[in-house]
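Protein chains: 2
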Amino acid sequence: MTVPALEAERRVAVLSDALRSSGLRLTHQRLEVAREIAGDDTHPDVESIYRHVRERVPTISLDTVYRTVAVLAELGLVGRVNATAGATRYDANLARHHHFVCTRCGLIRDIYSVSLDSVEAPEEASALGTVESVRVQLSGVCKECRRKESDRER
Amino acid sequence: MTVPALEAERRVAVLSDALRSSGLRLTHQRLEVAREIAGDDTHPDVESIYRHVRERVPTISLDTVYRTVAVLAELGLVGRVNATAGATRYDANLARHHHFVCTRCGLIRDIYSVSLDSVEAPEEASALGTVESVRVQLSGVCKECRRKESDRER
DNA sequence: GTTACTGCAAACTTTTTGCACGACA
DNA sequence: TGTCGTGCAAAAAGTTTGCAGTAAC
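Heads up: the sequence lines are chains C and H, in that order. In this text, residue positions in the first sequence follow this note's numbering: the first is 218, and each later residue adds one. In this text, residue positions in the second sequence follow this note's numbering: the first is 218, and each later residue adds one.
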């Protein structure tokens, strides 16, 4: 699945500018990794980015791709699809509910909300397949992490 | 973080009944893993479940915990928090959007929807921390997987 | 010319698998 | 008693890190 060329170029420009203005070097490898992520809307993993970029830059290594996506994610230029990093986490709560996820420490808390429960799948989604569950994920920074951060600033 | 005892017991009963009625054996290990997940609302990973269960069943092995959560997830008795299994996936689309995720093949497609964009964080979430993003995750089975499934049934 | 970045290799973490023994139904 | 599940060990998959050479600024 590919992103329209114009939109992909726009995204690459955003990524390049951001790297430069952060004082980071705009290397051949970083540019090609950025180009790959920007032009692929299947939400690829590192392995897939690596395979595609290698067709254009045969000497690139897998760990450079890992480091590059880490840099881009750090700058907020690309998102990670999963709620949290690390190991898979499990949930025995089968009642309808939603999640608050702290992007710093990985805390997940269940949210019960009548208004969130009433969210319905739009046409666009039903066109892709059968929607079996609708879950709202609220991401942010929990109070504990916020407190630790302001402590550190002093 | 612990689940109220009564609710935890209810969940254990549901899990035990489901195992039995699926013709699976209700072993000591499975019961204790079920008990642990049911009583813990922090959405633990396998390592954490293992550590806690081992206090009660010192001989249990880590791979039994892996196999048990896989069985419970297969039966739909516990949920996996992450959108998809396997490697971390990246997204260069910084515009506000939502996701349709196929639980069979891991397909992720972006969903643009004005009505989903208007979903707001409830009080309950703001009480836990600063909410920075609200994303709706629609899970289900994509058309392709549905088709493959009905082919197989014939 | 510096310094940050890359590629290589090795380590580490998370998860899966094959096999023989033991326990549930 | 037969079969499914467990524990052990080893391997596979995914990710991170130290180091020496290379390229960006």
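Quick reminder that beta carbons are idealized off the backbone N, C-alpha and C, glycines included. Computed from a predicted structure; not experimentally measured.
Taking the alpha-carbon positions, what's the residue i to residue j distance?
i, j, result
"C/Thr285", "C/His260", "16 Å"
"H/Gly293", "H/Leu243", "17 Å"
"C/Ser335", "H/Ser356", "16 Å"
"C/Ala300", "C/Arg326", "12 Å"
"H/Glu349", "H/Val231", "36 Å"
"H/Arg273", "H/Thr281", "15 Å"
"H/Ala235", "H/Val331", "40 Å"
"C/Ala287", "C/Arg352", "27 Å"
"C/Leu289", "C/Val263", "13 Å"
"C/Asp257", "H/Ala312", "15 Å"
"C/Arg271", "H/Arg369", "37 Å"
"C/Leu241", "C/Val358", "26 Å"
"H/Ser233", "H/Leu248", "7 Å"
"H/Gln354", "H/Gly303", "18 Å"
"C/Ser239", "H/Arg364", "48 Å"
"C/Glu361", "H/Thr347", "11 Å"
"H/His372", "H/Ser265", "Examination of residue 372 of chain H is not possible in this model, given that chain H is present from 218 through 371 alone."
"H/Glu291", "H/Tyr283", "12 Å"
"H/Glu226", "H/Ala251", "10 Å"
"H/Ile374", "C/Pro339", "Absent from the model: residue 374 of chain H. The displayed extent of chain H is 218 to 371, so no value can be given."
"C/His269", "H/His269", "43 Å"
"H/Ser367", "H/Leu333", "31 Å"
Answer with buried or exposed for residue i, where buried requires no fewer than 16 other C-beta atoms within 10 angstroms of its C-beta.
i, result
"H/Pro221", "exposed"
"H/Arg228", "buried"
"C/Thr219", "exposed"
"H/Ala255", "buried"
"H/Tyr267", "buried"
"H/Arg416", "There is no way to answer for residue 416 of chain H, as the model of chain H reaches only from 218 to 371."
"H/His245", "exposed"
"H/Leu223", "exposed"
"C/Glu337", "exposed"
"H/Glu253", "buried"
Taking only heavy atoms of the ligand ZN into account, decide whether any of them is closer than 6 Å to the Cβ of residue i.
i, result
"C/Val263", "Ligands in the displayed structure: none, and consequently the ligand ZN is not present."
With 9 Å as the limit, tell me which residues of the region 326-338 of chain C have their beta carbon closer than that to any beta carbon of chain H; keep them in chain order. Arg326, Asp327, Ile328, Tyr329, Ser330, Val331, Ser332, Leu333, Val336, Glu337 and Ala338
For the region 274-286 of chain C against the region 328-343 of chain H, are there 3 or more C-beta pairs whose distance is under 8 Å? no
Closer than 8 Å, Cβ to any Cβ of chain H: which residues of the region 346-357 of chain C, in chain order? Gly346, Thr347, Val348, Glu349, Ser350, Val351, Arg352, Val353, Gln354, Leu355, Ser356 and Gly357
May I ask you to verify whether the region 320-330 of chain C touches the region 304-319 of chain H, counting CB pairs closer than 8 Å and requiring at least 3? no
Could you list the residues in the region 284-309 of chain C with a C-beta less than 9 Å from some C-beta on chain H, going in chain order? Val286, Leu289, Ala290, Gly293, Leu294, Val295, Gly296, Arg297, Val298, Asn299, Ala300, Thr301, Ala302, Gly303, Ala304, Thr305, Arg306, Tyr307, Asp308 and Ala309
Against chain C: residues of the region 258-284 of chain H by CB proximity under 9 Å: Hits within the stretch, in order: Asp258, Thr259, His260, Pro261, Asp262, Val263, Glu264, Ser265 and Ile266.
Report yes or no: do the region 303-313 of chain H and the region 294-301 of chain C share at least 3 C-beta pairs separated by less than 8 Å? yes
Short-range partners of chain H found in the region 226-256 of chain C, where Cβ spacing is below 7 Å: Listed by position along the chain: Arg228, Ile254 and Ala255.
Can you list, in chain order, the stretches of the beta strand (DSSP E) that have 3 or more residues and sit fully within the region 260-335 of chain H? 315-319 and 325-328
In chain order, what are the residue ranges of uninterrupted beta strand (DSSP E) at least 3 long that sit wholly in the region 337-365 of chain C? 346-359
To be precise: take each residue of the region 309-321 of chain H, compare its Cβ to all Cβ atoms of chain C, and keep it if any distance is under 9 Å. Which residues remain? Ala309, Asn310, Leu311, His315, His316, Phe317, Val318, Cys319 and Thr320
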